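A.B. asks:
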Amino acid sequence: MSTISRPRTNKQILLDQERLEKAQKVLGTSTETETIEIALDRIISEAEKNEKANAAQENFLKTAIGEGLIIEDVFGRIEERQVER
């Protein structure tokens, strides 16, 4: 869990107790609050990593194409990403 202390807000939410207990076991946490906080931290971290990886891939593709390199897109992902934009 993050060592930075942030202000907390009391929330009343409905959760599947069985799923919460499974997550708590997987994460090795001692409280439900800690379980949720660590899960949120991991989701945020994963999203940030994905964003950086996507930016690096975009940069690579722009550079490679700009230098005239031929990229064989065997999975069809480059065209899909260009259509998504």
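According to this note's numbering, the sequence shown is numbered sequentially starting from 868.
Yeah, the Cβ is synthetic: ideal placement off N, Cα and C, and Gly gets one too.
No experiment lies behind these values; they were computed from the predicted model shown.
Taking the alpha helix (DSSP H) that G935 falls in, what are its first and last residues?
C.D. replies: It is not in any alpha helix (DSSP H) - G935 carries neither H nor E in the DSSP assignment.
A.B. asks: Is there a Cβ of chain D sitting closer than 8 Å to that of S872, yes or no?
C.D. replies: The structure shown contains no chain D; it is built from a single protein chain.
A.B. asks: How would you label T930, buried or exposed, when you count the other beta carbons within 10 angstroms and need 16 or more for buried?
C.D. replies: Under this definition T930 is an exposed residue.
A.B. asks: Specify the secondary structure class of R873 as computed by DSSP and reduced to three states.
C.D. replies: Correct three-state label for R873: coil.
A.B. asks: Using the three-state DSSP reduction, which class does S912 fall into: helix, strand or coil?
C.D. replies: Of the three classes helix, strand and coil, the one that applies to S912 here is helix, per DSSP.
A.B. asks: Classify T900 as buried or exposed, calling it buried when 16 or more other Cβ atoms lie within 10 Å of its own Cβ.
C.D. replies: With fewer than 16 Cβ atoms within 10 Å of its Cβ, T900 is classed as exposed.
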